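Structure first, then comments.
There are 2 protein chains.
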Amino acid sequence: MAGNSSESGRTVAARTLALLGAFDVAHPRLSLSEMARRAGLPLATAHRLAGELEAWRALDRDEQGCYRIGLRLWETGLLAPVSSSLREVALPFMQDLYEASRENIHLAVRDGFDALYVEKLSGHSSVPVISRIGARLPLHATGVGKALLAFAEPAFIRAYCERPLPRYTRYTIAERGRLYRELARTQERGHAETNEEMTLGSTSVAVPIPHTSGAPTASLGFVAHSHRSELTGLVPALRAAAEGIARRLNESADDRAPGLVHDPSV
Amino acid sequence: MAGNSSESGRTVAARTLALLGAFDVAHPRLSLSEMARRAGLPLATAHRLAGELEAWRALDRDEQGCYRIGLRLWETGLLAPVSSSLREVALPFMQDLYEASRENIHLAVRDGFDALYVEKLSGHSSVPVISRIGARLPLHATGVGKALLAFAEPAFIRAYCERPLPRYTRYTIAERGRLYRELARTQERGHAETNEEMTLGSTSVAVPIPHTSGAPTASLGFVAHSHRSELTGLVPALRAAAEGIARRLNESADDRAPGLVHDPSV
DNA sequence: CCTGGCCTTCCGGTGAACGGAAGCTAACGG
DNA sequence: CCGTTAGCTTCCGTTCACCGGAAGGCCAGG
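Taken in order, these protein sequences are the chains called E and Y.
Heads up: the first sequence begins at 1 in full-length UniProt numbering, then just goes up one per residue.
Heads up: the second sequence begins at 1 in full-length UniProt numbering, then just goes up one per residue.
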């Protein structure tokens, strides 16, 4: 920065992004002071930068003057491949699965050490689940998570298991050795299963969405009440959908290769 | 800025946001040079700022080095009220409507002079439509758009009609006087209808989602093939859903009022 | 080997950015 | 009515982060 910056070496861009980073699921609505405190910025600086974000509509203000994430940022975020490609392709398949089963359906990708939920369909008849679009849940205790983890590169699996494995219920597989065995079984079967490992009373199955080269980038799964045990019967349908999604994803990737840049407006 | 800035008066924050603004639906994937050109920035500047955006994961790079919107920006965008409140509340109602009708269902809000599509459900049996989550379509030629326009403040209606009204098909109501009459009829009926006004072969009905005070903030509508004329029969279901959504939205707004800031993590 | 397109790194001058302090507004209580 | 508190907004002199032309790298195509 310039001037009497208290903390040298922090760029304007980084401070601006820190303001956006002050928002999270528990804090989707912040006053200027809260935002400044959470971003670690002096009030006057936060005020100036927030003004610029507001002008671009990355932030909005409600009647009380509190800041919220703005429409333009939401719109821009929709351009991320995870939404514009993956979600777009997967949604019709997920609706088919929903109509056939009436159970919760999740689509997740791996991001760092988390399963990131990209889409979720659920009706009134399905079990209420804690997931939510944009939610991050652990790889070792969810169906979609285990499907992502079991088919990841061995080095990643090892790295994941080295870390502490939080326990959510008494059924969570929180011991390294048991998790390795569970992942090996998942690889053999070709699909992941969970039983009350994240939430008591819920059971799930999931399959990876294959990728042409290497580890899967996404996974697809059902969650239901644990007393309904026919979930494994839905695995073939799940696998067919996953393969359909993979095929469509590769097609659109090929589309892109020859032209490299097709830019109608320039 | 500092230094030998060619264009004075443009702040770093504004340039950073201009880089994000270089992306749109037709350009979700940009090389550094394209991004710089579209943002109106010198290459070296764009390179530096893009590096900061990438570090925060507001941008990602693919195998070829091209930039795309990053996961973190997508995640942050989900915190916008339009997604975290409106969409979350409306989705179960929309699924009910879909199961009962098997038609396309749209949820839109007004943003400036556009209808902004917030959510869309459609099955394989429904007509393919041009809408897409995040799409912007005109207020005078779509069902959800007319529902938003007809129940807006009179001053806004006048301002909208002053502007040129683009024509999309020979059925588009592109004349000011006819549009006024159509909006009056929409107000009396309490719901909007369109007939091939945006797309030949498609018809739609829509209702506003009432707001405690003043103009509706959102609207909900069906789109179907125009030869299926029973769409008006679905209006009561649509209206019931809109009222349900409005009630749930007001409840959650009330939750917020007493505590003003309920912040479990601080 | 040369050429063209694109990405990345370097570096010195300078004006945009910084943030403490003061002013402002609103709500509350005595 | 006025003192107090809490939060937002504005002001302004100092200074260092930013700027971007230029040079260097890299790759593919001729």
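Cβ atoms here follow ideal geometry from the backbone N, Cα and C, with glycine treated the same way.
Values in this document were obtained by computation on a predicted structure and should not be read as measured data.
Original post:
Residues in its own chain within less than 7 angstroms of residue 57/E by CB, not counting five upstream and five downstream?
Top reply: 70, 71 and 72
Subject >> Proximity to residue 60/Y [Cα-Cα], best of 77/Y, 28/Y, 87/Y and 34/Y >> reply: 28/Y
**OP:** Closer than 6 angstroms by C-beta to residue 122/E: which residues in its own chain qualify, once you throw out the five before and the five after it? Chain order, please.
**Re:** 104
Original post:
Can residue 133/Y and residue 118/Y be called in contact, C-beta distance under 8 angstroms?
Top reply: yes
Original post:
Using 8 angstroms as the limit for Cβ to Cβ distance, is residue 123/E near chain Y?
Top reply: Residue contact with chain Y for residue 123/E: present (Cβ-Cβ distance below 8 angstroms to some residue of chain Y).
**OP:** Assuming residue 14/E contacts residue 188/Y (C-beta within less than 8 angstroms), just tell me the rounded distance between them.
**Re:** That belief does not hold up - the Cβ atoms of residue 14/E and residue 188/Y are roughly 55 angstroms apart, past 8 angstroms.
Subject >> residue 274/E at chain Y interface by Cβ criterion, 8 angstroms >> reply: Not covered by the structure: residue 274/E. The range shown for chain E is 1 to 266.
Subject >> residue 51/E - DSSP class collapsed to helix/strand/coil >> reply: helix
Subject >> Residue range of the unbroken alpha helix (DSSP H) whose run includes residue 157/E >> reply: Per DSSP, residue 157/E belongs to the alpha helix (DSSP H) from 154-162.
Original post:
If we count the other Cβ atoms within 10 Å of its Cβ and call it buried at 16 or more, is residue 230/Y buried or exposed?
Top reply: exposed
Original post:
Between 210/Y, 68/Y and 197/Y, which lies nearest to residue 250/Y when the distance is taken from Cα to Cα?
Top reply: 210/Y
Original post:
alpha helix (DSSP H) containing residue 175/E: first to last residue?
Top reply: Segment: none, residue 175/E is in no alpha helix (DSSP H) and carries neither H nor E.
**OP:** Spell out whether any CB of chain Y is found under 8 angstroms from the CB atom of residue 148/E.
**Re:** no
**OP:** Starting from residue 138/E, follow the beta strand (DSSP E) in both directions and report where the run begins and ends.
**Re:** 136-138
Original post:
Quick one, which of 165/Y, 84/Y, 111/Y and 102/Y has its alpha-carbon nearest residue 176/Y's?
Top reply: 165/Y
Original post:
Using DSSP with H/G/I as helix, E/B as strand and the rest coil, what is residue 166/Y?
Top reply: coil
**OP:** Measure from the C-beta of residue 246/Y to each C-beta in chain E and report whether the shortest distance is under 8 angstroms.
**Re:** For residue 246/Y, no Cβ of chain E is located within less than 8 angstroms of the residue's own Cβ.
Original post:
If you count every other CB in all the chains shown that lies within 10 Å of the CB of residue 44/E, and 16 or more means buried, which is it?
Top reply: Flag for residue 44/E reads exposed.
Original post:
For residue 29/Y, which three-state DSSP category applies?
Top reply: strand
Original post:
When the distance is taken between beta carbons, is residue 207/E closer than 8 angstroms to residue 219/E?
Top reply: yes
Original post:
Exposed or buried, which one is residue 129/E when buried takes at least 16 other CB atoms within 10 Å?
Top reply: buried
Original post:
Where does residue 303/Y sit, in a helix, a strand or coil, going by DSSP?
Top reply: Within the shown structure, residues of chain Y are numbered from 1 to 266, placing residue 303/Y beyond reach of any answer.
**OP:** State the DSSP-derived secondary structure class of residue 92/E, mapped to helix, strand or coil.
**Re:** In this structure, residue 92/E counts as helix in the three-state DSSP scheme.
Original post:
By a C-beta neighbour count over all protein chains shown, 10 Å radius and 16 as the cutoff for buried, is residue 63/E buried or exposed?
Top reply: exposed
Original post:
If you follow the beta strand (DSSP E) that residue 215/Y is part of, which residue opens it and which one closes it?
Top reply: No beta strand (DSSP E) contains residue 215/Y, which DSSP labels as neither H nor E.
Subject >> Chain-order list of residues whose beta-carbon lies under 6 angstroms from that of residue 223/Y (same chain, five-residue window excluded) >> reply: 104, 129, 202 and 204
Original post:
When the distance is taken between beta carbons, is residue 171/Y closer than 8 angstroms to residue 196/Y?
Top reply: Cβ atoms of residue 196/Y and residue 171/Y: closer than 8 angstroms.
Subject >> Residue from 184/E, 242/E, 111/E and 233/E whose Cα sits closest to the Cα of residue 212/E >> reply: Of 184/E, 242/E, 111/E and 233/E, the smallest CA-CA separation from residue 212/E is found for 242/E.
**OP:** Compare the Cα-Cα distances from residue 67/Y to each of 99/Y, 97/Y and 32/Y and report the closest residue.
**Re:** Nearest neighbour of residue 67/Y by Cα position, chosen from 99/Y, 97/Y and 32/Y, turns out to be 32/Y.
**OP:** Could you tell me which of 169/E, 191/E and 235/E sits nearest to residue 216/E, measuring between CA atoms?
**Re:** 191/E
Original post:
With 8 angstroms set as the bound, which would you pick, yes or no: does the beta-carbon of residue 52/Y sit closer than that to a beta-carbon of chain E?
Top reply: yes
Original post:
Is the CB of residue 151/E under 8 angstroms away from at least one CB in chain Y?
Top reply: Contact with chain Y is absent for residue 151/E, since none of that chain's Cβ atoms lies less than 8 angstroms from the residue's Cβ.
**OP:** Helix, strand or coil for residue 119/E, going by three-state DSSP, please let me know.
**Re:** strand
Original post:
What first and last residue would you give for the beta strand (DSSP E) that runs through residue 10/Y?
Top reply: That residue, residue 10/Y, is in no beta strand (DSSP E); it is neither H nor E in DSSP.
**OP:** Mind checking the segment 82-103 of chain Y against chain E and listing, in chain order, the residues whose C-beta falls within less than 7 angstroms of any C-beta there?
**Re:** Taking 7 angstroms as the Cβ-Cβ cut-off against chain E, the residues of the segment 82-103 of chain Y that qualify are 82, 83, 84, 92 and 95.
Original post:
Taking only beta-carbon atoms, is residue 22/Y less than 8 angstroms away from chain E?
Top reply: no
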